[in-house]
Amino acid sequence: MTGEAWIDLIASIREAFEVVLIVKSLCTEYPGDRGTAIQAAHDVSFTVPDGKLFTLLGPSGCGKTTTLRSIAGLETPTSGEVCLHGKVVFSSAAGVSIPPSRRNFGMVFQSYAIWPHMSVFQNAAFPLEVSRRKPGRKEIADRVMRVLRAVALNDLADRAATKLSGGQQQRLALARALVMEPELLLLDEPLSNLDAKLRERMRFELKRTQRELALTTVYVTHDQSEALALSHEIAVMNEGRIVQIGSPRQIYERPCNQFVADFIGTTNFIDAQVIEETVDGRCRVGTPVGALNAQCLDRLPRNEAVTVSVRPEDVELSEQPPEGGDRDTVCVGVVDAKAFLGEHLDFHVRIGDLVLLARAHPSLRTLVGERIFVRMRADKCIALPATSAAKA
Amino acid sequence: MAWAATPSTYRMRLAPDAKWFVVGAAVGLAAWLALVPLGFLLWQSFLTPETAEHPAQLTFDNYRTAYWSVETLRVFGNSVEFAIGSASLAFFIGTVFAWINERTDTPFKSTFFALSLVPLVIPAILFTVSWILLASPKIGIINIAVQNLFATELVVTNIYSMGGMIFVDGLHQSPLAYLLMTAAFRSMDPSLEESALMCGATVLQIARRLTLKLVWPAAVAGFLILFLRAIESFEVPALLGLPVGIEVYTSSIYQAVQSYPSDIGLASSYGMALIVIASVCFYAQSRMAAAVEKFSTVTGKGFRPRVMRIGRWRYLAAATFATYLAIIVVLPFLVLVWCSLQKFYVAPSMAALRNVTLDAYRAVFDYPAFANAVWNSLVLSVASATVVTLTTAVLCWIVTRTKLPGRWLLDNLASLPLMFPGLVLGLAIMVCYLHVGIGVYGTLWIMLIAYVTRFMPYGMRYNAASMLALHKELEESAMMSGASWGVTFWRVVLPLLKPGLTAGWIYVVIVSVRELSSSILLYSPGSEVLSIMIWEYWQNGQSVELSALGVMLIASLLCLVLLERFASRRFGIADPAV
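Going line by line, the protein sequences match chains A and B.
Quick note on numbering: our numbering labels position 16 of the first sequence as 39, and the sequence is numbered without any gaps.
Quick note on numbering: our numbering labels position 287 of the second sequence as 392, and the sequence is numbered without any gaps.
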């Protein structure tokens, strides 16, 4: 074995030890109308390393919340296994299912579920008061105040919970989940009920808190920018299945199929056909606008129909002919329409029958109907199998 | 930062849990209460009367007597005539006033709405008695006044007739009809009418092609409820019909039980007929209610019904409304007050005014059974309200929160007693505990069982509404916080349901105090309640003492209703209409 292989092996072993949460082929069904079963989560498997934030991302109804609730124990999966720190929390094969109240997972719900008949302090103290080894009054007070201070609610401890603003409720829900010092934190769209400005601020707060406590976290959201900003790793889900798992950058820059490319951010799809397959993940494809160099994840045989995805910000525009590298594609188009959006400018560029969306700096002032040059770098054009996610 | 690990009890799948005991107990109680008496009633209806000489024998004679005689045809005809008449009258009055109050610019609308709930507290027996005092041919104030005024012997009103029965029962049900139709008018989305208006339809076209069609299912459902209530009504037919031989099902059942030897088999077969009629109505009503739900598309935002301007007519409308309230609340109450201030009943006159006395009230307080009856009523109403509230809270939780198979069955089971007319329920429970020797027969316990059974459906309605409004995540977050089911239910669910539970609790207290038709077959010396005491006063012809007791009862029920209104308004809980 070479030295590099040894290093890889050691790294993977270390990673295996650091994995906190293992979810193995989880399936969860809902009873639907007329006795049918609706598969909400199907064969979901992933692992979360210690102290990392893992996000389940997908459109509504994709099974992400069901998966989270199955981990929490609020839903009983039909099959699969959930392990935490090597202990089995749920296993259909072994017949183990620990009730949610014994799992010691902190959870923040989408609605926050702040109990309106209790004060801020009472809300945060509840998990300690009902715990089986109930601490003394003084210890409860200490721990609650410490966690309230962490979320900057210590001044409002005696206030009725109903008198809190949206952002404060969100922080109280987080405090309540943290006060029990959970082994795992589950967050179900915790920012979706806040207005846009506050959401952005709370996103950073949440990230800071998670990183400081190094708390292993599973996060559910349908907001791709939230997922990209917060996560160490993202699982994109669709129709009950995980479509792709990867770091935010991988997911964005190397989507594995059309669904992921389309769901994360905005993209252009160009129908194409493989002309020539080259080694190390590169290929050459024929498109309506001519031959194009692209990246591909899987090996694609010749003449295979594919779809090329290219992000609007990677469609580079210029009025002067750009100097292209030998693997870049350069072509000429006409500005079809444009929209000024403040921080950037959206261009619709027509090349033959194809219209591409391009995102340019507002300083580009080419008029509608004028000629414009388009450059697409080979490593930004991703060739995707055309069949894999046509329904998306 | 190190996070504490949980203890190592990791293998416990469906361990015996407080949850399953509580759930099992509630389900068992509901099933026992709803099903067992029904079974006994059915069984008894196939038996001959049991006497000292002859033991009971299996027979179809009861059904033959009950269904194959001219007499029966008459009872059936009377029942249907009475029920349709009463329901139609109530429906007409209720709809007119609901429309006036909801869809026109009549003044004092909110006052009228609040006042229209007051008549609901007057027990049917007191309402009937007050109308006897007002409109009986011999002693009725109306007849005497007319006779004095015009110096004739003419009898203007005869309350002891089918017409009189329909009039009194219809009036007594009309506030309920008003509530039902108000709800129907309110649940209609005004934007539906507005969009028709924008399409160029005239007001008449809108009324005919939209409003009427939209309100139709709710109206039919409301009418069926009124019909059900009328056919179950016991007080009016017993007080007004029996003296002149107009018998309906309920009074026939009463007659059969009170005859000697009491013919429980015959009463049971009459009872089964009533249950069948009620079930059919109930089924049709629930179908209609489902249609109502399909039609009502109120989103809750910007809900401001379009109001019709009726110009000068609005004062007439307001005056009519005021007159109506006077007739159904003020007049009966004043008659009772007047009667209670006399030594014996006389029509109001200057001479009689000089004889005003509080003797009747004194007599009531001196009546040996009075303190006992007050105590019994109090204990029974509080106990039944508490049992009903807590049991139905658990039942509702199961129905709305779990995915237990067969939970819809549970919902129907708990609502089943709605189909028992009060008298039939009393009969069924009497039969049941005559044979099940657990020693409750002839005690307060049997009445508690009857009350709990009878009012369980009300509890379900009250609780289901507030349970549905309770976000599921409030419970789940408690569970994630480490609370067991019992702790979650006790510390989160019940406190959050408290407003709804309180309103439901007070409501059950009120209807328990008013309850007569079940109690009348179940009480025995020592276990009389207030409504029974009123009934006995009437049987003894002590109308003065009856009035005094009635005035005090209405006054205290009124206070309770105001409390209930306060509790449910504060938390926005709608009245369960049935």
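Beta carbons are placed, not taken as given, at the ideal position from N, Cα and C, and that holds for glycine.
Beta bridge counterpart(s) of residue i as assigned by DSSP
{"i": "M437 (chain A)", "result": "An answer regarding residue 437 (chain A) cannot be provided, because it is not within the stretch 24 to 415 covered by chain A."}
{"i": "Y53 (chain A)", "result": "A:I61"}
{"i": "D294 (chain A)", "result": "A:T330"}
{"i": "V259 (chain A)", "result": "A:L80 and A:Q267"}
{"i": "V105 (chain A)", "result": "A:V46 and A:F113"}
{"i": "I374 (chain A)", "result": "A:L377"}
{"i": "F69 (chain A)", "result": "A:V46"}
{"i": "M130 (chain A)", "result": "A:L209"}
{"i": "V358 (chain A)", "result": "A:V372"}
{"i": "Q318 (chain A)", "result": "A:R305 and A:I405"}
{"i": "L152 (chain B)", "result": "B:L163"}
{"i": "R382 (chain A)", "result": "A:D369"}
Which of helix, strand or coil DSSP assigns to residue i
{"i": "I336 (chain B)", "result": "helix"}
{"i": "H277 (chain B)", "result": "helix"}
{"i": "Q644 (chain B)", "result": "helix"}
{"i": "G81 (chain A)", "result": "coil"}
{"i": "R120 (chain A)", "result": "The question names Arg, but residue 120 (chain A) is Ser in the sequence shown. Residue state, collapsed to three classes: strand."}
{"i": "S373 (chain B)", "result": "helix"}
{"i": "I405 (chain A)", "result": "strand"}
{"i": "S35 (chain A)", "result": "helix"}
{"i": "R307 (chain A)", "result": "strand"}
{"i": "G26 (chain A)", "result": "helix"}
{"i": "R394 (chain A)", "result": "strand"}
{"i": "T428 (chain B)", "result": "helix"}
{"i": "E176 (chain B)", "result": "helix"}
{"i": "G86 (chain A)", "result": "coil"}
{"i": "Y567 (chain B)", "result": "helix"}
{"i": "A95 (chain A)", "result": "helix"}
Whole-angstrom distance between residue j and residue i, CA atom to CA atom
{"i": "L515 (chain B)", "j": "L495 (chain B)", "result": "16 Å"}
{"i": "V362 (chain B)", "j": "F272 (chain B)", "result": "27 Å"}
{"i": "M552 (chain B)", "j": "N477 (chain B)", "result": "15 Å"}
{"i": "P600 (chain B)", "j": "L606 (chain B)", "result": "9 Å"}
{"i": "Q193 (chain A)", "j": "F594 (chain B)", "result": "24 Å"}
{"i": "E346 (chain A)", "j": "S188 (chain A)", "result": "55 Å"}
{"i": "F449 (chain B)", "j": "L238 (chain B)", "result": "12 Å"}
{"i": "F396 (chain A)", "j": "L229 (chain A)", "result": "43 Å"}
{"i": "S279 (chain B)", "j": "S191 (chain B)", "result": "9 Å"}
{"i": "A431 (chain B)", "j": "P228 (chain B)", "result": "17 Å"}
{"i": "K110 (chain A)", "j": "R126 (chain A)", "result": "11 Å"}
{"i": "P562 (chain B)", "j": "L521 (chain B)", "result": "8 Å"}
{"i": "V353 (chain A)", "j": "L208 (chain A)", "result": "48 Å"}
{"i": "A424 (chain B)", "j": "K214 (chain B)", "result": "12 Å"}
{"i": "R116 (chain B)", "j": "R596 (chain B)", "result": "Because R116 (chain B) sits at a pLDDT of 38, beneath the cut-off of 50, its placement in the model cannot be relied upon, and the following sentence gives the value as read from the coordinates. Distance between the alpha carbons of R116 (chain B) and R596 (chain B) is about 27 Å."}
{"i": "M267 (chain B)", "j": "G182 (chain B)", "result": "12 Å"}
{"i": "P123 (chain A)", "j": "E580 (chain B)", "result": "12 Å"}
{"i": "E41 (chain A)", "j": "P72 (chain A)", "result": "6 Å"}
{"i": "L238 (chain A)", "j": "P205 (chain A)", "result": "8 Å"}
{"i": "P526 (chain B)", "j": "G81 (chain A)", "result": "55 Å"}
{"i": "R59 (chain B)", "j": "W321 (chain B)", "result": "The structure shown does not extend to residue 59 (chain B), since chain B is modelled only from 106 through 683, so no value can be given for it."}
Contact list for residue i against chain A, beta-carbon separation under 8 Å
{"i": "G587 (chain B)", "result": "S124, R125, N127, P150, V153, S154, R155 and M203"}
{"i": "F508 (chain B)", "result": "This sequence places Lys at residue 508 (chain B); Phe is not what is there. Under the 8 Å cutoff, chain A gives P54."}
Under 7 Å by beta carbon: chain B residues contacting residue i
{"i": "M130 (chain A)", "result": "S582 and M585"}
{"i": "L176 (chain A)", "result": "Those within 7 Å of L176 (chain A) in chain B number zero; the least Cβ separation is about 17 Å."}
{"i": "W29 (chain A)", "result": "What W29 (chain A) touches in chain B: nothing, since even the nearest Cβ is about 32 Å away."}
Residue i: contacting residues in chain A (beta-carbon distance under 9 Å)
{"i": "V613 (chain B)", "result": "Here the premise fails: no neighbours, minimum Cβ distance about 23 Å."}
{"i": "K318 (chain B)", "result": "Going along chain A, no residue has its Cβ under 9 Å from K318 (chain B), so there is no contact; the nearest lies around 28 Å."}
{"i": "L601 (chain B)", "result": "W138, P139 and H140"}
Chain-ordered chain A contacts of residue i [CB-CB under 7 Å]
{"i": "L579 (chain B)", "result": "A136 and W138"}
Contact list for the stretch 236-260 of chain A against chain B, Cβ threshold 7 Å: L236 and A237
Chain B contacts made by the stretch 44-76 of chain A, where a contact means CB separation under 7 Å: P54
Contact set between the stretch 183-204 of chain A and chain B, restricted to residues whose Cβ is under 8 Å from the partner: A196, R199, A200, M203 and E204
Residues within the stretch 85-96 of chain A neighbouring chain B, beta-carbon criterion of under 9 Å: R92, A95 and G96
The stretch 122-136 of chain B: positions lying closer than 7 Å to chain A by Cβ: none
Contact set between the stretch 273-292 of chain B and chain A, restricted to residues whose Cβ is under 8 Å from the partner: none
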